[in-house]
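Accompanying notes for the structure given below.
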Ligand code: HEM
Ligand SMILES: *[C@@H]1O[C@H](CO)[C@@H](O)[C@H](O)[C@H]1NC(C)=O
């Protein structure tokens, strides 16, 4: 049984089809990109990315989380243009050592390896930005989440911006108003923001990112949860010690939202979505209905993927994702 939702603006139509797997599929219309962009120039693209992600996740389950985050950190900084993949050199300062990314963003090598495989089949055709967009979708699907059709046709930047990475990416210490503004600045709604924050259903954060919350006696936090997290995140030291962002960190599900209702958000920014404010009702809906979360997450990923793409003759098709041509 396969359920397929086709989302066109606000009208959703549900279709049922017979299949062997239970799968959820979503698609939406995009402003400038096209789901068939490589249909004739690189028909094997999606399979190559799928296989590359399967190998990477088999080697390390957390890689699904890391690749999903990489896409977010690419798109929020001057659009989804693979700028985050450019490495620093003596003459080039990129985004990888910007504060939100340094010693934190990971998975660059996975995208580089997939690019190498894609280049073998379709040399000089597919952008690193599009590979990252498909890889992020695969990260979600292969972790048990929804699938969607990825609009394609992005090109790769010849530049990157450390300062934009530091100003435009949200901080884990941000309040709801600040978070909402950061997403609004990228053309994303509060619903997109809350759905996308559900990406924290996967992966881990370092002690330095959640310490102030678990040691704050007046914070809106479950005391048992705080004590548990303190065991591996001392009041000082252990900055890089990891804790899962939700109770099922390898599984793409709606547990993140249930955790928020139970005051078990790990980051301040997580719990801000359920702290007596405008997003409380939506968090309750996602906690009650995984299907609603999956649908809104897929839509929001397409929306995020549409942030300022380079198209036409802008930018380039990088040969190696780590360096400009
Ligand atoms: C709402 C604003 C957001 C803030 C403030 C935020 C902040 C953070 C922080 C601080 C970490 C831990 C990094 C570390 O300790 O090294 C993290 C991890 C993560 N974030 Fe977010 N994030 C936000 C939104 C998102 C979005 C929109 C996505 C994707 C849709 C996302 C996906 C992830 C994933 C999957 C991880 C785990 C990565 C891993 O384990 O390697 N985040 N985020
Ligand atoms: C502790 O939590 C309270 C309530 O949310 C907040 O007002 C305060 O700023 C927090 N303190 C720190 C040090 O984060």
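Numbering (UniProt numbering), first residue to last: 1 to 325. Quick reminder that beta carbons are idealized off the backbone N, C-alpha and C, glycines included.
Just mark residue i as buried or exposed, buried being the case when its beta carbon has 16 or more other beta carbons within 10 Å.
| i | result |
| --- | --- |
| residue 145 | buried |
| residue 60 | exposed |
| residue 130 | buried |
| residue 244 | buried |
| residue 216 | exposed |
| residue 236 | exposed |
| residue 305 | buried |
| residue 310 | buried |
| residue 265 | buried |
| residue 107 | buried |
| residue 58 | exposed |
| residue 39 | exposed |
| residue 231 | exposed |
| residue 325 | exposed |
By how many angstroms is the C-alpha of residue j removed from the C-alpha of residue i?
| i | j | result |
| --- | --- | --- |
| residue 166 | residue 246 | 25 Å |
| residue 263 | residue 123 | 50 Å |
| residue 116 | residue 278 | 45 Å |
| residue 180 | residue 321 | 31 Å |
| residue 327 | residue 249 | Absent from the model: residue 327. The displayed extent of the chain is 1 to 325, so no value can be given. |
| residue 48 | residue 41 | 14 Å |
| residue 175 | residue 119 | 43 Å |
| residue 85 | residue 101 | 11 Å |
| residue 90 | residue 323 | 13 Å |
| residue 164 | residue 261 | 33 Å |
| residue 178 | residue 170 | 8 Å |
| residue 284 | residue 257 | 7 Å |
| residue 87 | residue 93 | 8 Å |
| residue 53 | residue 147 | 14 Å |
| residue 287 | residue 254 | 6 Å |
| residue 313 | residue 149 | 24 Å |
| residue 125 | residue 81 | 15 Å |
| residue 173 | residue 43 | 43 Å |
| residue 210 | residue 318 | 37 Å |
| residue 135 | residue 296 | 19 Å |
| residue 51 | residue 159 | 29 Å |
| residue 270 | residue 182 | 14 Å |
| residue 189 | residue 298 | 14 Å |
| residue 212 | residue 184 | 26 Å |
| residue 22 | residue 137 | Model confidence at residue 22 stands at a pLDDT of 46, short of 50, so the residue's coordinates are unreliable; what they give is reported in the following sentence. Looking at the two C-alpha atoms, the distance is approximately 17 Å. |
| residue 280 | residue 225 | 20 Å |
| residue 111 | residue 66 | 11 Å |
| residue 99 | residue 128 | 23 Å |
| residue 241 | residue 276 | 30 Å |
| residue 303 | residue 186 | 10 Å |
| residue 227 | residue 289 | 29 Å |
| residue 74 | residue 113 | 18 Å |
Pull up the CB-CB distance for residue i and residue j, whole angstroms please, since I reckon it's below 8 Å.
| i | j | result |
| --- | --- | --- |
| residue 219 | residue 300 | Between residue 300 and residue 219 the Cβ distance is about 27 Å, and since that is not below 8 Å, they are no contact. |
| residue 205 | residue 267 | 6 Å |
| residue 72 | residue 132 | The Cβ separation is near 10 Å, so there is no contact. |
| residue 198 | residue 293 | 6 Å |
| residue 143 | residue 64 | 5 Å |
| residue 214 | residue 233 | 6 Å |
Taking Cβ positions, are residue i and residue j nearer each other than 7 Å?
| i | j | result |
| --- | --- | --- |
| residue 37 | residue 153 | yes |
| residue 95 | residue 83 | yes |
| residue 25 | residue 78 | no |
| residue 272 | residue 156 | no |
| residue 139 | residue 33 | no |
| residue 168 | residue 76 | yes |
| residue 252 | residue 202 | yes |
| residue 207 | residue 239 | yes |
| residue 151 | residue 308 | no |
Any heavy atom of ligand 3 closer than 6 Å to the beta-carbon of residue i?
| i | result |
| --- | --- |
| residue 132 | Looking at this structure, you won't find ligand 3 anywhere; what it does contain is ligand 1 and ligand 2. |
| message | Give the residues whose C-beta lies closer than 5 Å to at least one heavy atom of ligand 2, in chain order. | response | Residues with a Cβ closer than 5 Å to any heavy atom of ligand 2, in chain order: 212, 216, 218, 219.
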